[in-house]
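Notes to accompany the following structure.
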Amino acid sequence: MIQYITYRRVSSAEQGRSGLGLEAQSRDIDTYLKAFSGKPYKVIGEFLEILSGASDARPELFKAVALARKTKAILLVSKLDRLSRKVSYISALMEDKTVQFKVANLPQASNFELHLYASLAEQERAFISERTKAALREAQARGVKLGGLRDSTMQRNKVRAASALSFARSLEKIVMPKHKAGESLKDISVALNDADIKTVRGGVWTSMQVSRVIGRLQADAPVRSRTVQVVIRKTVIAPVI
Numbered sequence: 021m022i023q024y025i026t027y028r029r030v031s032s033a034e035q036g037r038s039g040l041g042l043e044a045q046s047r048d049i050d051t052y053l054k055a056f057s058g059k060p061y062k063v064i065g066e067f068l069e070i071l072s073g074a075s076d077a078r079p080e081l082f083k084a085v086a087l088a089r090k091t092k093a094i095l096l097v098s099k100l101d102r103l104s105r106k107v108s109y110i111s112a113l114m115e116d117k118t119v120q121f122k123v124a125n126l127p128q129a130s131n132f133e134l135h136l137y138a139s140l141a142e143q144e145r146a147f148i149s150e151r152t153k154a155a156l157r158e159a160q161a162r163g164v165k166l167g168g169l170r171d172s173t174m175q176r177n178k179v180r181a182a183s184a185l186s187f188a189r190s191l192e193k194i195v196m197p198k199h200k201a202g203e204s205l206k207d208i209s210v211a212l213n214d215a216d217i218k219t220v221r222g223g224v225w226t227s228m229q230v231s232r233v234i235g236r237l238q239a240d241a242p243v244r245s246r247t248v249q250v251v252i253r254k255t256v257i258a259p260v261i
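So the mapping is simple: my numbering equals the position in the sequence shown, first residue as 1, plus 20.
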C-alpha cells in the first residue's frame, strides 16, 4: 500500500478563513489519489499552512517533510508553488534522496520537468510583478484613484466571514483535538456526522468542509493570541488598602 502525506497552503489569513483556496487544493489532491495513485493508498498525514510561499519559515511544511522522510511516504501537493515559490527550495527537495514528492496537477512530470516548470514560473512571477508595479505607477501618475471593493460589498463580506468564523469557533474543541491527533479530514467529517452535528447550512459534513473549519481556526489563532496579550497588558491591579 502506498502511503501519502498531503500538504496544503494558502498565502493569507483571509484565504484561510474563506476556505476557497484550500477547497481547490483538496479537490486536486483527491483527483490525483483516485486517478493516478495506481495502487491501494492511505493518507497518513495532512498538513495545512497559512503563510506566504516566499517565506522560509514554514513549520507545517517542515513537519510534513520530516514525516515523509521518517515513514517513506510520498509528500503530495496540489501545485508546485504550494511547496515553494523559490526554485532553490524545489531543487533542494528533489536532490534529497530521503524524500519523495508528487504534484497533483502535474502527475506525470519528471524531476527535470518540475525543475523547468519551477524556473519558468519564478521568472514569469517576476515579470508580472514588475508589469503590475509599472501599470500602477502609470495609473497614479494619471490621477487614477486605486481602490478596493465597494463599501457595501466589503461590509457583506465581513458579515459572512464573521458568521463563518463564529461557527468554526463553536466546533474548535471538537475538531482541533482530532486534527492535532492526526485524524484525517474524512475521519473528522464522519465523527461530526455521527454526532448529528450539522454544517453551518444544515447539511452533512465532507472533508472539504472540515478543511475550511480548520483553516479558519488556524488563521484565527494568531489574532486571538494578540487580543489576549493586549487585554493582559491593559489590566490594572488596584492597590491593597
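Idealized CB from N, CA, C, for every residue including glycine.
>> What does the alpha-carbon distance come out to for the pair residue 251 and residue 237?
In response: By one-based count along the sequence shown, residue 251 stands at place 231. By one-based count along the sequence shown, residue 237 stands at place 217. Low confidence applies to residue 251: its pLDDT is 48, below 50, so where it sits in the model is not reliable, and the reading given next is rough at best. For residue 251 and residue 237, the distance between alpha carbons rounds to 20 Å.
>> What would DSSP say about residue 69, mapped onto helix, strand or coil?
In response: The sequence position of residue 69 within the sequence shown is 49, counting from 1. DSSP places residue 69 in strand when its eight states are reduced to three.
>> Quick check: what's the CA-CA separation for residue 266 versus residue 231?
In response: One cannot answer for residue 266 here, as it falls past the ends of the chain, which runs 21 to 261.
> Which residue from 129, 68, 103 and 111 puts its Cα closest to that of residue 200?
Replying inline: For this step, residue 200 is matched to residue 180 along the sequence shown. Of the listed residues, the one whose Cα sits closest to residue 200 is 68.
> If we ignore side chains and look at the alpha-carbon of each, how far apart do residue 205 and residue 121 end up?
Replying inline: Here residue 205 refers to the residue found at position 185 of the sequence shown. Here residue 121 refers to the residue found at position 101 of the sequence shown. The straight-line gap from Cα to Cα measures roughly 21 Å.
> What separation, rounded to the nearest whole angstrom, lies between the Cα atoms of residue 54 and residue 157?
Replying inline: For the purposes of this step, residue 54 is taken as the residue at position 34 of the sequence shown. For the purposes of this step, residue 157 is taken as the residue at position 137 of the sequence shown. Roughly 47 Å separates the two Cα atoms.
> Taking the alpha-carbon positions, what's the residue 119 to residue 112 distance?
Replying inline: Stepping through the sequence shown from its first residue, residue 119 is reached at position 99. Stepping through the sequence shown from its first residue, residue 112 is reached at position 92. The alpha-carbon atoms of residue 119 and residue 112 are separated by roughly 11 Å.
> Under a three-way DSSP split, which group does residue 157 fall into?
Replying inline: The residue you call residue 157 lines up with position 137 of the sequence shown. Note: residue 157 maps to helix in three-state DSSP.
>> Just to confirm the assignment, what range does the beta strand (DSSP E) spanning residue 22 have?
In response: For the purposes of this step, residue 22 is identified with residue 2 of the sequence shown, where counting begins at 1. From DSSP, the beta strand (DSSP E) with residue 22 extends over 22 to 30.
> Can you tell me the Cα-Cα spacing of residue 77 and residue 104, whole angstroms?
Replying inline: Sequence index remark: in the sequence shown, residue 77 carries index 57 (1-based). Sequence index remark: in the sequence shown, residue 104 carries index 84 (1-based). Their Cα atoms are separated by approximately 11 Å.
> Helix, strand or coil: how does DSSP classify residue 164 here?
Replying inline: Walking along the sequence shown from the start, residue 164 turns up at place 144. Reduced to three states, the DSSP call for residue 164 is coil.
>> Let me check one thing: in DSSP terms, what residues is residue 61 bridge-paired to?
In response: As a first step, residue 61 must be located in the sequence shown, where it is residue number 41. Answer is 22, bridged to residue 61.
> Shortest alpha-carbon distance to residue 193 belongs to which of 224, 233 and 229?
Replying inline: Counting from 1 along the sequence shown, the entry for residue 193 is found at position 173. If we check each option's Cα against that of residue 193, 233 comes out closest.
> What first and last residue would you give for the alpha helix (DSSP H) that runs through residue 224?
Replying inline: Residue 224 sits at position 204 when you count from the first residue of the sequence shown. Where residue 224 is concerned, there is no enclosing alpha helix (DSSP H), given that its DSSP letter is neither H nor E.
>> Does residue 133 pass the burial test, meaning 16 or more other C-beta atoms within 10 Å, or should it be called exposed?
In response: Walking along the sequence shown from the start, residue 133 turns up at place 113. Exposed, since its Cβ has fewer than 16 Cβ neighbours within 10 Å.
> For residue 102, which residues of its own chain have a beta-carbon under 6 Å away from its beta-carbon, when the five flanking residues on both sides are left out?
Replying inline: Against the sequence shown, residue 102 aligns to sequence position 82. Cβ neighbours of residue 102 beyond the five flanking positions: 29.
> Should residue 259 go down as buried or exposed, given a rule of 16 or more other Cβ atoms within 10 Å for buried?
Replying inline: Here residue 259 refers to the residue found at position 239 when the sequence shown is read from its first residue. At residue 259 the pLDDT is 49, less than 50, meaning the model places this residue with poor confidence; the figure from the coordinates comes in the next sentence. Residue 259 should be labelled exposed.
> What residues in its chain sit with their C-beta under 7 Å from that of residue 51, if we drop five residues either side in the sequence?
Replying inline: Looking up residue 51 in the sequence shown gives position 31. Cβ neighbours of residue 51 beyond the five flanking positions: 124.
> Over what stretch of residues does the alpha helix (DSSP H) that includes residue 206 continue unbroken?
Replying inline: In the sequence shown, the residue the question calls residue 206 occupies position 186. Note, residue 206: alpha helix (DSSP H), 205 to 214.
> Run through DSSP, which three-state label would residue 126 get?
Replying inline: To locate residue 126, count along the sequence shown from 1; it is residue 106. Note: residue 126 maps to coil in three-state DSSP.
> Mind checking residue 100: buried by the 16 CB within 10 Å criterion, or exposed?
Replying inline: In the sequence shown, residue 100 corresponds to position 80, counting from 1. Buried is the call here.
> Do you know how far the Cα of residue 150 is from the Cα of residue 264?
Replying inline: Residue numbering for the chain in the displayed model covers 21 to 261; residue 264 lies beyond these limits and cannot be assessed.
>> Going by beta-carbon coordinates alone, are residue 23 and residue 92 separated by less than 9 Å?
In response: Position 3 of the sequence shown, counted from the start, is the residue given in the question as residue 23. Position 72 of the sequence shown, counted from the start, is the residue given in the question as residue 92. For residue 23 and residue 92, yes; Cβs fall inside 9 Å.
> Any chance the segment 222 to 231 sits against the segment 174 to 183, with 3 or more Cβ pairs inside 8 Å?
Replying inline: no
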